[in-house]
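For reference, the structure discussed in these notes is given below.
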Amino acid sequence: MAPMPRPSRSEYGPHWALSPDVTFLNHGSFGACPQVVLDEQSRLRALLESDPMAFYFEIGPALWRESRVALAEFLNADVAGLNFVPNASTGVNTVLRSLRFEPGDEILVPDHAYQACRNAVDQACVRSGARTVVVKLPFPPESDEQVVELVLAAVTPRTRLALIDTVTSPTAVLLPFERLTRELQGRGVDVLVDAAHGAGLIPLDLQQLGAAYVAGNCHKWLCTPKGSAFLHVRADRRQLIEPLITSHGYSAPVSPEEKLRLEFDWQGTQDTTPWLCIPAAIEMIAAFVPGGWPASSGFDACRHGDAADPGRPCCAVHDGARGRSAHAPASCRVRHPGRRVCLAATRRALPAGVGGPV
Ligand SMILES: Cc1ncc(COP(=O)(O)O)c(C=O)c1O
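Numbered as in the working numbering, the sequence shown ends at 374 without a single skipped number.
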């Protein structure tokens with residue numbers, strides 16, 4: 017069988033550490049980090065190892081504050097509610113383990129949700145006697161209206177929380193998460209937004225979104241080193257949430273606000289450099305592309321593909337160059353007009369004789 021032709025690399029490819037032998041189609045799973053950001057991480061690690069006491073007590077906390085401020089600006093988030101966690105799974109679990117559910121309570125989750133997060137919902141329900149209510153969404157959805165209608169139809173007086181993705185993992189659909197958040201919260205249902213595919217992929221404005229909770233990754237589309245993610249908690253829900261790890265902050269004789277900060281900011285000895293690289297990633301990736309953010313984001317690549325040539329696919333294959341080098345020959349948008357589908361995943365037409373979709 018003839019080998020499948022490989023997409024050529026764009027001029028951005030050399031910025032990534034990916035092997036030239038690899039055509040990286042699955043950026044959405046773990047992300048990939050540009051060499052300049054990896055270099056920054058090495059610099060910070062060398063600094064840490066040269067003087068651990070100074071790093072953990074002085075240098076690190078100052079850089080940590082700078083990182084939180086930089087990410088808060090990037091996401092237009094309330095910096096006081098922005099906490100670093102190692103990954104989106106931790107953010108989702110933190111919320112689900114903090115909240116107290118009663119028997120008979122309901123947690124809504126669309127069937128396009130990421131299975132690991134769905135598992136966390138199921139576990140919270142098993143623990144408490146609450147019930148997971150799965151909303152079946154078609155693939156592809158016909159419209160945002162259809163998605164909103166189906167989700168809202170599942171709301172009952174017992175619905176306490178809804179887990180809503182920005183972009184779904186198994187189906188790569190950009191959900192109308194802003195509208196769902198507004199409508200659900202307007203009905204008294206708090207929303208936990210799973211923004212694992214958010215920062216760096218689509219425009220995220222957390223103040224405007226107003227979700228009770230947003231868990232998101234930086235190591236996917238913001239291309240930070242792995243282990244860099246956030247949990248944003250709205251001011252009126254902060255007293256309900258505590259980190260998964262109990263450490264020094266728990267007994268600190270400080271105000272409740274400071275206590276929450278201490279509890280989230282120190283969860284035992286760990287390598288903090290993935291979070292400390294956030295400002296560098298924001299700055300360095302913006303510098304790759306004329307126009308900076310949001311031109312560097314996958315979302316813009318999608319829109320560009322669509323606007324420039326409506327017959328051209330909106331989904332791009334990421335081969336180490338932020339999806340700009342190879343547009344997939346089969347277009348989700350072309351096939352599903354009116355739906356915004358993002359490049360967290362893509363479907364490719366395979367040459368004749370080559371089996372199954374990628
Ligand atoms: C929609 C969604 N949520 C959550 C996650 C979990 O991300 P992490 O493994 O960084 O916790 C993923 C990972 O691919 C995802 O696609």
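For each residue, glycine too, the CB sits at the ideal point set by N, CA and C.
Less than 8 Å separating the beta-carbons of residue i and residue j?
i, j, result
"valine 151", "valine 167", "yes"
"glutamine 201", "glycine 232", "no"
"aspartate 210", "leucine 179", "yes"
"proline 310", "proline 192", "no"
"alanine 48", "cysteine 239", "yes"
"valine 205", "leucine 177", "yes"
"arginine 203", "valine 230", "no"
"phenylalanine 304", "histidine 31", "yes"
"threonine 175", "leucine 124", "yes"
"glutamine 51", "cysteine 293", "no"
"glutamate 194", "valine 164", "no"
"threonine 288", "glycine 107", "no"
Taking buried to mean at least 16 other C-beta atoms within 10 Å of its own C-beta, is residue i buried or exposed?
i, result
"asparagine 99", "buried"
"proline 241", "buried"
"histidine 264", "exposed"
"aspartate 37", "exposed"
"arginine 84", "buried"
"aspartate 181", "buried"
"phenylalanine 250", "The displayed chain sequence assigns arginine, not phenylalanine, to residue 250. The residue is buried, with at least 16 neighbouring Cβ atoms inside 10 Å."
"alanine 70", "exposed"
"phenylalanine 90", "buried"
"alanine 188", "buried"
"arginine 134", "buried"
"proline 306", "exposed"
"methionine 20", "exposed"
"proline 272", "exposed"
"alanine 228", "buried"
"proline 157", "buried"
"proline 68", "exposed"
"alanine 18", "exposed"
Which residues in the same chain have their Cβ closer than 6 Å to the Cβ of residue i, if we skip the five residues on either side of it in sequence?
i, result
"alanine 88", "Val95, Leu98"
"phenylalanine 280", "Asn99, Pro259"
"serine 105", "Ala132"
"aspartate 221", "Asn92"
"tryptophan 291", "Ser83, Phe100, Ser244"
"alanine 297", "Val53, Leu238, Cys239, Thr240"
"leucine 64", "Phe71"
"alanine 212", "Ala104, Asn233"
"proline 126", "Val151, Leu153"
"leucine 60", "Thr289, Leu292"
"serine 35", "none"
Going by beta carbon distance, what residues of the same chain come within less than 7 Å of residue i, once the five residues before and after it are set aside?
i, result
"arginine 22", "Thr39"
"glycine 354", "Annotation note: pLDDT 42 at glycine 354 (below 50); position unreliable, coordinate value reported separately. Correct list, in chain order: Ser159."
"leucine 276", "Arg254"
"proline 186", "His128"
"glutamine 283", "Pro259, Ile261, Ser263"
"methionine 300", "Pro50, Val52, Val53"
What does a CB cutoff of less than 8 Å around residue i pick up in its chain, not counting 5 residues either side in sequence?
i, result
"leucine 278", "His264, Gly265, Ala268, Val270"
"histidine 9", "Only positions 17 to 374 of the chain appear in this structure, which leaves residue 9 out of reach."
"asparagine 109", "Ala136, Leu260"
"alanine 140", "Leu112, Arg113, Leu115, Phe117, Ile123, Ala146"
"threonine 285", "Tyr72"
"threonine 197", "Ile180, Val207, Val209, Leu225, Gly226, Ala227"
> Which runs of the beta strand (DSSP E) fall wholly inside the region 182-227 and span at least 3 residues, in chain order?
Replying inline: Runs of the beta strand (DSSP E) lying entirely within the region 182-227 and spanning at least 3 residues, in chain order: 206-211.
> Which residue spans inside the region 225-262 form an unbroken beta strand (DSSP E) run of at least 3?
Replying inline: Taken in chain order, the complete beta strand (DSSP E) segments of 3 or more residues contained in the region 225-262 are 229-233, 245-249.
> At what residue ranges does the region 92-166 contain a whole run of the alpha helix (DSSP H), taking only runs of 4 or more?
Replying inline: For the region 92-166, the full-length alpha helix (DSSP H) segments reaching 4 residues or more read 104-114, 131-144 along the chain.
>> Does the structure place the region 134-148 close enough to the region 105-123 that three or more beta carbon pairs sit under 8 Å?
In response: The region 105-123 makes contact with the region 134-148: 3 or more CB pairs, one atom from each, lie closer than 8 Å.
> Unbroken alpha helix (DSSP H) runs of length 4 or more, entirely within the region 24-48: which are they?
Replying inline: Entirely contained in the region 24-48, the alpha helix (DSSP H) runs reaching 4 residues are, in chain order, 43-46.
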